[in-house]
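A.B. asks: Supplied in structure tokens, the structure appears directly below.
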Amino acid sequence: MELGALDRDRGNAIVAAADEVLAGLTGRYSDQFPVDIFQAGAGTSSNMNINEVLANRGLELMGRSRGDYDFLSPNDHVNMAQSTNDTFPTASCIAVIFAADRLLDVLSSLSNAFQEKEREFSRVSKSGRTHLMDAVPVTLGDEFGAYAAALSRASHRIQERRNDLLELPLGGTATGTGANTNPGYRELAILKLSELCNLPLRKADNSFETLQSRAQLSAFSGALKEVAIELIRIANDLRLLNAGPTTGISEIGLPSVQPGSSMMPGKYNPVMAECLDMIGFQIIGNDTAVTLAAQAGQLELNVMTPVITSNILESIDLLTSYLPIFQKRCVEGIQAHEERCKAYLEFNPILATFLTPKIGYLKAAEIANESLDRRLPVKDIAIVKGILSKEEADKLLKTEKLLKKN
Ligand SMILES: O=C(O)C[C@H](O)C(=O)O
306 MELGALDRDR GNAIVAAADE VLAGLTGRYS DQFPVDIFQA GAGTSSNMNI NEVLANRGLE
366 LMGRSRGDYD FLSPNDHVNM AQSTNDTFPT ASCIAVIFAA DRLLDVLSSL SNAFQEKERE
426 FSRVSKSGRT HLMDAVPVTL GDEFGAYAAA LSRASHRIQE RRNDLLELPL GGTATGTGAN
486 TNPGYRELAI LKLSELCNLP LRKADNSFET LQSRAQLSAF SGALKEVAIE LIRIANDLRL
546 LNAGPTTGIS EIGLPSVQPG SSMMPGKYNP VMAECLDMIG FQIIGNDTAV TLAAQAGQLE
606 LNVMTPVITS NILESIDLLT SYLPIFQKRC VEGIQAHEER CKAYLEFNPI LATFLTPKIG
666 YLKAAEIANE SLDRRLPVKD IAIVKGILSK EEADKLLKTE KLLKKN
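Spelled out as structure tokens, the structure:
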């Protein structure tokens, strides 16, 4: 309208219809969009679906009958200066940006919850484990602080990939040339969209590339996969540390949220972490579909955008709906089993590592082996064998030394 390509009567009717449809998407207009995600490539079916709904409602608003397309056409008027090929990926990028912003809030809150646990458990010393075998000590707080840091790093990647989506193909029409647009259309359309969305959107540096390639969306999906990998890893650590109560590591207790077994009474399983694992697997699966779809671009266009967008939005939805529950019903209620941590640490043969500066690796290894065989602490063996005086052993094995951080 502003560029004089569309008369104001028709233009205003389309705008009014669009506002109505937007407001009634989950109500009055919810049955007007029957097209499935698995549809024609590019999203042409969805694009024509909205074009037809807007044309028909616009016609009604102008006192005309539905279907009077000679007067207001879904293709000539509603889709004026547009192609599915530039509008659909534009809409996809914006949908993902808004969803990403909700996800970033949720991730930051979960990371803070782990940080809170880092503070709470900062004085709980315990055996480290590498290769799942006893190793030099850490604090339980160190472990939880690392989970917070991992989530914060993964969120940072989401933020970066989200910002890449601000560059839009809009105005490129079918192949990137901008065929059938008036001069100035691309800039103006992106400006209007920026104002409506309150986002610093910008036109593509190379509009051919943004039609051919879905690299930005697949990179975003990759960042979601990174979040999923970290969440799965953390969930599995929590399951391992909670394992027991009598035959596992049991250094922490996860809150009991439901009877774990239909058959075995009194059994509580790490159900919240198990659920998080399954969500993580689904996200990795979604990313695999996105990867396949992204590599399927051919010549001027990647036509696989519907499945790319729907998979990314599903992954974000899974995370934004579940992570707050996981935070509240699992992370915030985690208890440290301090006595268990202490007991494991006291008999950890690998504490002999701290004697090596004084007695060397081989002698320390003998002490470690003997500690294991005789089920006595390393310190006691070193003293009994006369290798170290009590004072020397106390000095080498004092807590601050064991937990030294650079
Ligand atoms: O629907 C369109 O605007 C274009 C379609 O995706 C095509 O390139 O054939």
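Quick note: the numbering used here has the sequence shown finishing at residue 711, numbered continuously throughout. Here a beta-carbon is modelled for each residue, glycine too, at the ideal position from N, C-alpha and C. Small disclaimer: the values here were computed from a predicted structure and weren't measured.
1) Closer than 6 Å by C-beta to residue 609: which residues in its own chain qualify, once you throw out the five before and the five after it? Chain order, please.
2) Candidates 405, 397, 536: which alpha carbon is nearest residue 621's?
3) Is the region 566-574 in contact with the region 524-543, if contact means three or more CB pairs nearer than 8 Å?
4) Could you round the C-beta distance between residue 505 and residue 499 to whole angstroms and report it? I think they count as a contact, below 8 Å.
5) Ligand 1 heavy atoms versus the CB of residue 772: any closer than 6 Å?
6) So is residue 377 buried or exposed if we call it buried at 16+ other beta carbons inside 10 Å?
7) At the level of alpha carbons, what is the spacing between residue 397 and residue 614?
8) Within the present structure, is the beta-carbon of residue 390 separated from the nearest heavy atom of ligand 1 by less than 6 Å?
9) Does DSSP put residue 577 in a helix, in a strand, or in coil?
10) Can you determine whether any heavy atom of ligand 1 sits closer than 6 Å to the C-beta of residue 360, and answer yes or no?
11) Would residue 592 be called buried (16 or more neighbouring beta carbons within 10 Å of its own) or exposed?
12) Can residue 482 be considered in contact with ligand 1, in the sense that its beta carbon sits closer than 6 Å to one or more heavy atoms?
13) Using beta-carbon positions only, say whether residue 521 and residue 469 come within less than 7 Å of one another.
14) Have a look at 388, 310, 671 and flag the residue whose alpha-carbon is nearest the alpha-carbon of residue 351.
15) Do you know how far the Cα of residue 673 is from the Cα of residue 651?
16) Strictly by DSSP, which residues pair up with residue 440?
17) Residue 751: beta carbon under 6 Å from a heavy atom of ligand 1?
18) Roughly how many whole angstroms lie between the Cα atoms of residue 533 and residue 488?
19) Any heavy atom of ligand 1 closer than 6 Å to the Cβ of residue 479?
20) Flag residue 338 as yes if its beta-carbon sits less than 7 Å from any beta-carbon of chain D, otherwise no.
21) Since residue 606 sits in a beta bridge, which residues does DSSP pair it with?
22) Would you mind working out which of 680, 667, 635, 339 sits nearest residue 648, comparing C-alpha positions?
23) Which ranges would you report for the alpha helix (DSSP H) in the region 475-561 if only whole runs of at least 4 residues count?
24) Looking at the unbroken alpha helix (DSSP H) that takes in residue 316, where does it start and where does it end?
25) Would residue 418 pass as a contact of residue 632 if the rule is Cβ separation under 7 Å?
26) Only counting the same chain, and skipping five residues up and downstream in sequence, which positions put a Cβ closer than 7 Å to that of residue 661?
27) Please report how far the alpha carbon of residue 368 lies from the alpha carbon of residue 316, in whole angstroms.
28) Please report the residue range of the alpha helix (DSSP H) in which residue 661 lies.
C.D. replies: Inspection of the coordinates gives the following:
1) Position 304 of the sequence shown, counted from the first residue, corresponds to residue 609. Excluding its 5 nearest sequence neighbours in each direction, residue 609 has C-beta neighbours in its own chain below 6 Å: 598, 601, listed in chain order.
2) The residue given as residue 621 occupies position 316 in the sequence shown. Selected option, being the one with the closest Cα: 405.
3) The region 566-574 makes no contact with the region 524-543: fewer than 3 CB pairs, one atom from each, lie closer than 8 Å.
4) Your numbering for residue 505 matches position 200 in the sequence shown. Your numbering for residue 499 matches position 194 in the sequence shown. Their Cβ separation, rounded to whole angstroms, is 6 Å, which keeps residue 505 and residue 499 in contact under 8 Å.
5) The requested residue 772 is not part of the displayed model; the chain covers only 306 to 711.
6) Start at 1 with the first residue of the sequence shown, and residue 377 comes out as number 72. Classification for residue 377: buried.
7) Sequence index remark: in the sequence shown, residue 397 carries index 92 (1-based). Sequence index remark: in the sequence shown, residue 614 carries index 309 (1-based). So the alpha carbons of these two residues sit roughly 6 Å apart.
8) Start at 1 with the first residue of the sequence shown, and residue 390 comes out as number 85. At least one heavy atom of ligand 1 is nearer than 6 Å to the Cβ of residue 390, so yes.
9) Working through the sequence shown from its first residue, we reach residue 577 at position 272. Here residue 577 sits in helix by DSSP.
10) Translated into the one-based positions of the sequence shown, residue 360 becomes position 55. No, ligand 1 has no heavy atom inside 6 Å of this Cβ.
11) Within the sequence shown, the letter at position 287 stands for residue 592. The residue is buried, with at least 16 neighbouring Cβ atoms inside 10 Å.
12) Indexing the sequence shown from 1 puts residue 482 at position 177. No, Cβ of residue 482 sits at least 6 Å from all heavy atoms of ligand 1.
13) Stepping through the sequence shown from its first residue, residue 521 is reached at position 216. Stepping through the sequence shown from its first residue, residue 469 is reached at position 164. Cβ distance < 7 Å, so residue 521 and residue 469 count as in contact.
14) Working through the sequence shown from its first residue, we reach residue 351 at position 46. Comparing Cα positions, the closest option is 388.
15) Position 346 of the sequence shown, counted from the start, is the residue given in the question as residue 651. Position 368 of the sequence shown, counted from the start, is the residue given in the question as residue 673. Straight-line Cα distance between these residues: approximately 12 Å.
16) Reading the sequence shown from its first residue, position 135 is the one you call residue 440. Paired residue(s): 433.
17) Lying outside 306 to 711, the shown extent of the chain, residue 751 is not represented and no answer is given.
18) Looking up residue 533 in the sequence shown gives position 228. Looking up residue 488 in the sequence shown gives position 183. Those two C-alpha atoms are separated by around 44 Å.
19) Translated into positions along the sequence shown, residue 479 becomes position 174. Correct: residue 479 has its Cβ closer than 6 Å to ligand 1.
20) Note that chain D does not occur in the displayed structure, where there is just one protein chain.
21) The sequence position of residue 606 within the sequence shown is 301, counting from 1. As computed with DSSP, residue 606 is found in a beta bridge with 603.
22) Numbered from 1 along the sequence shown, position 343 holds the residue referred to as residue 648. Nearest of 680, 667, 635, 339 to residue 648, Cα basis: 680.
23) 490-502, 512-517, 520-547
24) Position 11 of the sequence shown, counting from 1, holds the residue named residue 316. 313-328 is the span of the alpha helix (DSSP H), which, as asked, contains residue 316.
25) Taking the sequence shown and counting its residues from 1, the one referred to as residue 418 is at position 113. Taking the sequence shown and counting its residues from 1, the one referred to as residue 632 is at position 327. Going by C-beta atoms, residue 418 is nearer than 7 Å to residue 632.
26) The sequence position of residue 661 within the sequence shown is 356, counting from 1. Closer than 7 Å at the Cβ level, and outside the excluded window around residue 661, lie 669.
27) Counting from 1 along the sequence shown, the entry for residue 368 is found at position 63. Counting from 1 along the sequence shown, the entry for residue 316 is found at position 11. Rounded to whole angstroms, the gap between the alpha carbons of residue 368 and residue 316 is 15 Å.
28) As a first step, residue 661 must be located in the sequence shown, where it is residue number 356. Where residue 661 is concerned, the enclosing alpha helix (DSSP H) stretches over 661-664.
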